[in-house]
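Participant: Heads up: the sequence shown runs through residues 25 to 496, numbered per the working numbering.
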Amino acid sequence: MSMSSYRMTRSTLPQVLAASILLAAVVVASPLLACALIAAPFCVEWVGRGLPAPERRALYVLLGGALLVRLALVAAQLIAGLPMLNDSAVGALAGDESYYLSRALRVRDLMAGYAATKYDYFVANDAYGQTSYLTVLTWLQVVFGPTPYSLKVVNGLLFVCGAGVLFRMARASFGPLPAFVGLSALLFWPSLLFSSVSLLKESMYFLASSIFAVASWWLIRSIAAGQWQRAAMLVPIGLGALLLLDGLRRGALILMAGGLLAGLAIWWFGQTRRRVVMAAAAGAVAVTAVIAVPAVHDRVLRAVESAAKIHAGHVFTVGHVYKLMDEGFYVRPHAPASWDLRLTDRQALQFVVKAAVSFAVTPWPWEMRSAGELALLPEHIVWCLMVGLLPFGIAAGWRRDPLATALWLGLAIPTAAAVALTNGNVGTLIRLRGLATPYLVWLGAFGCCVVGERLAASRLAGRGALIERQAL
Numbered sequence: 025m026s027m028s029s030y031r032m033t034r035s036t037l038p039q040v041l042a043a044s045i046l047l048a049a050v051v052v053a054s055p056l057l058a059c060a061l062i063a064a065p066f067c068v069e070w071v072g073r074g075l076p077a078p079e080r081r082a083l084y085v086l087l088g089g090a091l092l093v094r095l096a097l098v099a100a101q102l103i104a105g106l107p108m109l110n111d112s113a114v115g116a117l118a119g120d121e122s123y124y125l126s127r128a129l130r131v132r133d134l135m136a137g138y139a140a141t142k143y144d145y146f147v148a149n150d151a152y153g154q155t156s157y158l159t160v161l162t163w164l165q166v167v168f169g170p171t172p173y174s175l176k177v178v179n180g181l182l183f184v185c186g187a188g189v190l191f192r193m194a195r196a197s198f199g200p201l202p203a204f205v206g207l208s209a210l211l212f213w214p215s216l217l218f219s220s221v222s223l224l225k226e227s228m229y230f231l232a233s234s235i236f237a238v239a240s241w242w243l244i245r246s247i248a249a250g251q252w253q254r255a256a257m258l259v260p261i262g263l264g265a266l267l268l269l270d271g272l273r274r275g276a277l278i279l280m281a282g283g284l285l286a287g288l289a290i291w292w293f294g295q296t297r298r299r300v301v302m303a304a305a306a307g308a309v310a311v312t313a314v315i316a317v318p319a320v321h322d323r324v325l326r327a328v329e330s331a332a333k334i335h336a337g338h339v340f341t342v343g344h345v346y347k348l349m350d351e352g353f354y355v356r357p358h359a360p361a362s363w364d365l366r367l368t369d370r371q372a373l374q375f376v377v378k379a380a381v382s383f384a385v386t387p388w389p390w391e392m393r394s395a396g397e398l399a400l401l402p403e404h405i406v407w408c409l410m411v412g413l414l415p416f417g418i419a420a421g422w423r424r425d426p427l428a429t430a431l432w433l434g435l436a437i438p439t440a441a442a443v444a445l446t447n448g449n450v451g452t453l454i455r456l457r458g459l460a461t462p463y464l465v466w467l468g469a470f471g472c473c474v475v476g477e478r479l480a481a482s483r484l485a486g487r488g489a490l491i492e493r494q495a496l
């Protein structure tokens, strides 16, 4: 060994020992956290694979920063929950987080023979909340033990991976700048940031939906290019993601499959002017059928009434609510199954229009009541700006990649419609609006880049004209 190598070894030995001791402590304290920390660099490297060196470095910084912010949030939650952290509790958990984890731990105790009361079996087999995410959560408790805060880190990693998957699709479709703008917004969108480090299924659902979207996009491109071998590989990936989504959330299979079909329809009909005219004619025929054909009219009206019943049920919940119908429908709470709600054509149309507007703008800044809603005011302003920029992003995206633009819209529309028509609670709306945000954010980012470029060009042109006048 040379003298320089010997000195280098001696100088780095303390750092290596300190890192080894720290890693050993993390493994002993929380093996699941150690697995997440080890997997994170590989996931980040995988997302950046094949990119030019400058973009890859920028991506590493962005994804690494997003992971560090999430890790800091989990650490802050752990410190805040220390007074309540003991052998009988898992810290400052409440609501659905507490329910999911306590149910997973109860199933774990049943499997280990620690609990055997009838109530334990009732909770373990309760149909409410029975999803594939609960199964994953249970097995993680079996393998790693009670690890609520490590699970939050894992969920944060899943969300960042899902955002990275969508980033690669956006970069290939729209270019580096819109992709990086969209990724930055998505990673640090406040409501999505906090939900990504919860114990709920949102992060896993987001990753599965991202994989489904990208697999569908590549599948259609491969079929169009005649790359049948790649298409055959993508089919099981897309189907697997779709089945996982169906297990995570009831009705997700219909929403995602419907979104894919809607995207394909938008893409196909938007290819030529003749097809656009055909689509407009088909829409006019459908509207005429709803108005003139009694059977179709009644079926559509019953569907709107069913959605209105679910919406009214959310209005009678705790928290800040908003209403989409006349006040007379909210006098007394009803169970949706037993409520004989009848709407006129005007009332049904008013309900649908108000639902669409409310999805886009609710809550208005002057309607915000709680400190939590006021804390989300910056996010809401950015959301409204994104909605305003969507037309520019859609137009520019269609010129760049019609298929990707159509898929973003198609996947967002069914989810947005379901949330808009069935919700009535402001907090729930803000949270569930995040299901459509990951698709719309790329179009909004592209619109932001287009508008910014036009403003910059206009400013430069004005400055050039001023210089010419001064020269004359």
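Note that the Cβ used here is the ideal one computed from N, Cα and C, for glycine as well.
Over the uninterrupted alpha helix (DSSP H) stretch that includes Lys225, give me the two end residues.
Facilitator: Note, Lys225: premise wrong, no alpha helix (DSSP H); not H, not E.
Participant: Helix, strand or coil for Asn449? Go by DSSP, reduced to three states.
Facilitator: It is a strand residue.
Participant: Take every Cβ of the region 477 to 485, pair it with every Cβ of the region 418 to 430, and state whether three or more of those distances are shorter than 8 Å.
Facilitator: Touching, no, given that fewer than three Cβ pairs across the two stretches are closer than 8 Å.
Participant: On the CB-based measure, 16 or more other CB atoms within 10 Å of its CB, does Phe183 come out buried or exposed?
Facilitator: Counting Cβ neighbours within 10 Å, Phe183 comes out buried, since at least 16 surround it.
Participant: Using the beta-carbon count (16 or more within 10 Å), is Gly72 buried or exposed?
Facilitator: That one is buried.
Participant: Once DSSP output is grouped into helix, strand and coil, what is the label at Val345?
Facilitator: In this structure, Val345 counts as strand in the three-state DSSP scheme.
Participant: Mind listing, in chain order, the continuous alpha helix (DSSP H) runs of no fewer than 4 residues lying wholly within the region 321 to 409?
Facilitator: Segments of the alpha helix (DSSP H) lying fully in the region 321 to 409: 369 to 385 and 395 to 399.
Participant: Excluding the 5 residues flanking Gly262 on each side, which residues of the same chain have their C-beta closer than 7 Å to its C-beta?
Facilitator: So the list reads Phe236, Ala239, Ser240 and Leu243, once near-sequence residues are dropped.
Participant: Report all residues from its chain with a CB closer than 6 Å to the CB of Asp111; omit the five preceding and five following residues, and keep chain order.
Facilitator: For Asp111, the predicted structure reports a pLDDT of 47, less than 50, and the residue's modelled location is therefore unreliable. A value from the coordinates is still provided. Excluding residues within five positions, none has a Cβ falling inside 6 Å.
Participant: Short of 8 Å in beta carbon distance, which residues of its chain neighbour Gly282, apart from the five on each side in sequence? Order them along the chain.
Facilitator: Answer for Gly282: Pro438, listed in chain order.
Participant: Quick one: what's got a C-beta closer than 6 Å to Phe416's C-beta in the same chain, skipping five residues either side?
Facilitator: Excluding positions up to five away in sequence, the list reads Gly471, Val474 and Val475.
Participant: Could you work out which residue in Val377, Pro202 and Ala305 is closest to Leu467 when comparing CA atoms only?
Facilitator: Minimum Cα distance to Leu467 is reached at Pro202.
Participant: Under the assumption that Val314 contacts Val324 (Cβ atoms under 8 Å), give the Cβ distance between them as a whole number of angstroms.
Facilitator: Contact holds; Cβ gap of about 5 Å.
Participant: Indicate the three-state DSSP secondary structure (helix, strand or coil) for Asn149 in the structure shown.
Facilitator: Of the three classes helix, strand and coil, the one that applies to Asn149 here is coil, per DSSP.
Participant: Considering only residues of the same chain and omitting the five flanking positions on each side of Ala187, which have a CB-CB separation below 7 Å?
Facilitator: Excluding residues within five positions, the ones whose Cβ falls inside 7 Å are Leu207, Leu210 and Leu211.
Participant: Helix or strand or just coil, what does DSSP make of Ala460?
Facilitator: Here Ala460 sits in coil by DSSP.
Participant: Which of the three DSSP states, helix, strand or coil, is assigned to Leu211?
Facilitator: If DSSP states are grouped into helix, strand and coil, Leu211 belongs with the helices.
Participant: Considering only the alpha carbon of each residue, which of Pro318, Asn447, Leu217 and Arg370 lies closest to Val177?
Facilitator: Selected option, being the one with the closest Cα: Leu217.
Participant: Determine the closest residue to Ser234 out of Arg132, Trp432, Gly294 and Cys59, with distance taken between C-alpha atoms.
Facilitator: Closest option to Ser234, Cα to Cα, is Trp432.
Participant: Which stretch, first to last residue, makes up the alpha helix (DSSP H) that contains Thr312?
Facilitator: Thr312 -> alpha helix (DSSP H) spans Arg297 to Ala316.
Participant: For Ser215 and Ile454, which I take to be in contact (beta-carbon distance under 8 Å), what is that distance rounded to the nearest angstrom?
Facilitator: Their Cβ separation, rounded to whole angstroms, is 6 Å, which keeps Ser215 and Ile454 in contact under 8 Å.
Participant: Determine the contact status of Leu56 and Thr171, defining contact as a CB-CB distance below 8 Å.
Facilitator: Contact flag set, yes.
Participant: Quick one: grab the DSSP three-state call for Ser54.
Facilitator: Correct three-state label for Ser54: coil.
Participant: Pick from Leu445, Leu373 and Met228: whose alpha carbon is nearest that of Val339?
Facilitator: Checked all of Leu445, Leu373 and Met228; the closest Cα to Val339 is Leu445.
Participant: Tell me which residues share the same chain as Gly271 and place their Cβ nearer than 7 Å to its Cβ, disregarding the 5 neighbours each side in the sequence.
Facilitator: If we look at Gly271 and ignore the five residues flanking it on each side, its Cβ neighbours are Thr155 and Ser156.
Participant: Taking C-alpha atoms, which residue in Tyr229, Arg297 and Ala308 lies nearest to Pro462?
Facilitator: Answer by Cα proximity: Tyr229.
Participant: State the Cα-Cα distance for the pair Ala255 and Gly74, rounded to the nearest angstrom.
Facilitator: Whole-angstrom Cα-Cα distance: 21 Å.
Participant: My output table needs one value for Leu479: the three-state DSSP class, helix, strand or coil.
Facilitator: Residue state, collapsed to three classes: helix.
Participant: In three-state DSSP terms, what is Arg73?
Facilitator: Here Arg73 sits in coil by DSSP.
Participant: Thinking Ala265 and Ala232 are a contact (beta carbons under 8 Å), I'd like their distance in whole angstroms, please.
Facilitator: Right, the Cβ-Cβ distance comes to about 5 Å (below 8 Å), so this counts as a contact.
Participant: In chain order, what residues of the same chain have a beta carbon less than 7 Å from the beta carbon of Phe354, not counting five sequence neighbours either side?
Facilitator: Inspection of the sequence shows that residue 354 is occupied by Tyr rather than by Phe. So the qualifying residues of the chain are Ala336, Val339 and Lys347.
Participant: For Lys6, which of His358, Ala316 and Gly137 has the nearest alpha-carbon?
Facilitator: Here the chain has residues from 25 to 496 only, and residue 6 is not among them.
Participant: In terms of alpha-carbon separation, which member of Ala249, Leu398, Gly180 and Arg80 lies closest to Leu61?
Facilitator: Taking only the C-alpha atoms, the option nearest Leu61 is Gly180.
Participant: I need the DSSP call for Ser273, collapsed to helix, strand or coil.
Facilitator: At residue 273 the sequence reads Arg, which differs from the Ser that was named. In this structure, Arg273 counts as coil in the three-state DSSP scheme.
Participant: Closer than 7 Å by C-beta to Leu400: which residues in its own chain qualify, once you throw out the five before and the five after it? Chain order, please.
Facilitator: Excluding positions up to five away in sequence, the list reads Pro214, Ser215 and Ile454.
Participant: Asn449 and Ile341 - do their beta-carbons sit closer together than 8 Å?
Facilitator: The identity of residue 341 in the sequence shown is Thr, whereas the question assumes Ile. Yes, they are a contact pair.
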